[in-house]
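Q: The structure under discussion is supplied below as C-alpha cells; questions concerning it will follow.
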Amino acid sequence: MTKVLQIYTTLYDTYGPQGWWPFINYSGKNDLKEGNAHGYHILDYDFPRNKDEIFEVCLGSILTQNTTFTSVVKSLQNLNDNNFLDYRKIKRMPKEKLKLLIKPSGYYNQKSSYILGFIEFFESLNDRIPSRDELLKIKGIGPETADSILLFAYKQAEFIVDAYTKRFLVHKKLILENAKYNDIKSFIEKEIKKDIKTRKELIIVYQEYHALIVNHAKKYYSKKPYGIGCFI
DNA sequence: AACCAGGACGTGA
DNA sequence: TCACGTCATGGT
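Quick note, the first sequence lines up with residues 43 to 274 if you use the numbering used here.
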C-alpha cells in the first residue's frame, strides 16, 4: 500500500466516514440517524440524486470559497426559508435580494454574479455532465471549485486540493512547498489509483479523503506552528 | 484585536 | 509565470 493510502486508512479509522456534503433538504435513507444533523449523509453515496440536488452542491461549492461551511449553510438556509433554493427562481429574483440572502458567506457581490453566471451554464448543459475545462472557463470557478463540483455534485473521480491538503502534505513531506495545484492533484490521484481499482470505490475514497483531511487539518493545521499534535 | 475560513480574479513585473 | 492586493462576513 502506498503511503498516501496508508494515511487515508489511518484518518478513516480515526474519524470514520464523513458524509461530508450537507444538504439543506436531506431526505435520504439516513435522515433520522444520529450523526446526520444538518443534512449530512454519512455512508449514503447516492446523493445528489437529481438536478436540483446537483445544483445545490454546485451552489454550495461557489459559496464556500474562502469561508466556513457553517456560513454557507446559513446562506443556503436563507435561500430555502425564502423559497429561493432553486436555480430557476434564483435566476429571476432581484440580484440585491440574492446578495442579501447569501451575505453570511461573504463576497456577496462577486458570488452573486458567479452564481448567476453558473446558472446560465448549468441550464445550457441540458443534464450533460460538464468537463473540467468547461467549468474552469466560467468566471468564479477555479480549480478547487471545479473539482468540488465534479466530485460531489457529479460524482466524477476528481480529487480536490485545498489549502489544508497542500499544507498537510507538505508537512508530511509528500510534496514540495512550491508544488502547484495540478501537481498535487495528479500525484494524489496517481498514488490512490495504485491501490483502488474500481471507479465507484475511487470516488468514495476521493470524497472521504478530502473530507478527512479537512477535518484533521482543522484540528492540527489551522494555526502555526502547523502539525502540533498531529499523529500521522 | 488580529487572524483565518472547505478561493478566485485582476494587475503588474 | 508569479507575487500581491482585493473581495466581505463571521467566529475565535
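C-beta: ideal position from N, C-alpha, C; glycine also.
Between which two residues does the alpha helix (DSSP H) containing residue 218 stretch?
A: From DSSP, residue 218 is part of no alpha helix (DSSP H); its letter is neither H nor E.
Q: For residue 272, collect the residues of the same chain with a Cβ closer than 6 Å to its Cβ; drop the 5 residues on either side in sequence, then sort them by chain order.
A: So the qualifying residues of the chain are 262.
Q: Short check: CB of residue 60 to CB of residue 253, under 7 Å?
A: Yes, the pair counts as a contact, with Cβ atoms nearer than the cut-off.
Q: Does the ligand NAD have a heavy atom nearer than 6 Å to the CB of residue 225?
A: Ligands in the displayed structure: none, and consequently the ligand NAD is not present.
Q: Starting from residue 137 and walking both ways along the alpha helix (DSSP H), at which residues does that stretch end?
A: Start and end: 137-144.
Q: What are the boundary residues of the alpha helix (DSSP H) that residue 159 is part of?
A: Note, residue 159: alpha helix (DSSP H), 150-166.
Q: Would you tell me roughly how many angstroms separate the C-alpha atoms of residue 66 and residue 249, rounded to the nearest one?
A: Approximately 19 Å between the Cα atoms of the pair.
Q: Smallest Cα separation from residue 147: which of 119, 189, 106?
A: Here the closest residue by C-alpha is 106.
Q: Report yes if the CB atom of residue 143 is closer than 7 Å to the CB atom of residue 121, and no otherwise.
A: Yes.
Q: Report, in whole angstroms, the separation of the C-beta atoms of residue 197 and residue 245, which I expect to be a contact under 8 Å.
A: Contact flag correct, Cβ pair sits at about 6 Å.
Q: Would you call residue 188 buried or exposed, if buried means 16 or more other Cβ atoms sit within 10 Å of its Cβ?
A: By the 10 Å Cβ count, residue 188 comes out buried.
Q: How many angstroms separate the CA atom of residue 233 from the CA atom of residue 133?
A: Computed Cα separation, rounded: 41 Å.
Q: Would you give the residue range spanned by the alpha helix (DSSP H) that residue 115 belongs to?
A: Segment 111-123, the alpha helix (DSSP H) holding residue 115.
Q: Can the beta-carbon of residue 53 be found less than 7 Å from the beta-carbon of residue 213?
A: In this structure, residue 213 does not lie closer than 7 Å to residue 53 by Cβ.
Q: Cβ atoms of residue 104 and residue 161: under 7 Å apart, would you say?
A: No.
Q: Shortest alpha-carbon distance to residue 251 belongs to which of 123, 199, 224?
A: Minimum Cα distance to residue 251 is reached at 199.
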